[in-house]
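Student:
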Amino acid sequence: MVDDGSLDRAFAALADPVRRAIVARLSRGPATVNELAEPFAITLQAVSRHISVLEAAGLVWRTREAQRRPVHLDAAALERLTSWIDRYRLEAEARYRRLDDLLAEGQQHTSKERTS
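Yeah, the sequence shown ends on 116 if you go by the UniProt record's numbering, and it's all consecutive.
Rendered as structure tokens:
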């Protein structure tokens, strides 16, 4: 289960397009700040701040490999967010299926009345 504070931090972190792009890049594998900064016209410091926000949200973490400090995506954290979203998506889909069934019943009833 994901607590409200974790959800707030994660969704706030993902609200920024640069951070979403960083998460998308990290989904292909770890990368350094320099590698993550390449596609953006922003400073390395700005990219580091974005990474810090993602770290605080629990979406990424850093390791040290000699002189390198690669950033890694926490796939389990994304899975928890997906599970939270899916719970509500499935509930909404069930409601829509019930509505579709009611509408179909109403149409069948109306068709029977017309043919009688």
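C-beta: ideal position from N, C-alpha, C; glycine also.
Give me whichever residues DSSP pairs with residue 31 in a beta bridge.
Tutor: If you number the sequence shown from 1, residue 31 lands on position 31. Note: residue 31 sits in a beta bridge opposite 71.
Student: CA-CA distance, residue 107 and residue 4?
Tutor: In the sequence shown, counting from the first residue as 1, residue 107 sits at position 107. In the sequence shown, counting from the first residue as 1, residue 4 sits at position 4. Whole-angstrom Cα-Cα distance: 43 Å.
Student: I think residue 71 touches residue 53, with their Cβ atoms under 8 Å apart; what is that distance to the nearest whole Å?
Tutor: Stepping through the sequence shown from its first residue, residue 71 is reached at position 71. Stepping through the sequence shown from its first residue, residue 53 is reached at position 53. About 12 Å separates the two Cβ atoms, so there is no contact after all.
Student: Could you tell me whether the region 42–58 touches the region 6–21, where touching means 3 or more Cβ pairs closer than 8 Å?
Tutor: Judged by Cβ distances under 8 Å, the region 42–58 makes contact with the region 6–21, as three or more pairs qualify.
Student: Which residue from 115, 104 and 77 puts its Cα closest to that of residue 6?
Tutor: Here residue 6 refers to the residue found at position 6 of the sequence shown. Among 115, 104 and 77, the Cα nearest to that of residue 6 belongs to 77.
Student: Could you check what DSSP says for residue 62 in three-state terms: helix, strand or coil?
Tutor: As a position in the sequence shown, residue 62 is number 62, starting the count at 1. Correct three-state label for residue 62: strand.
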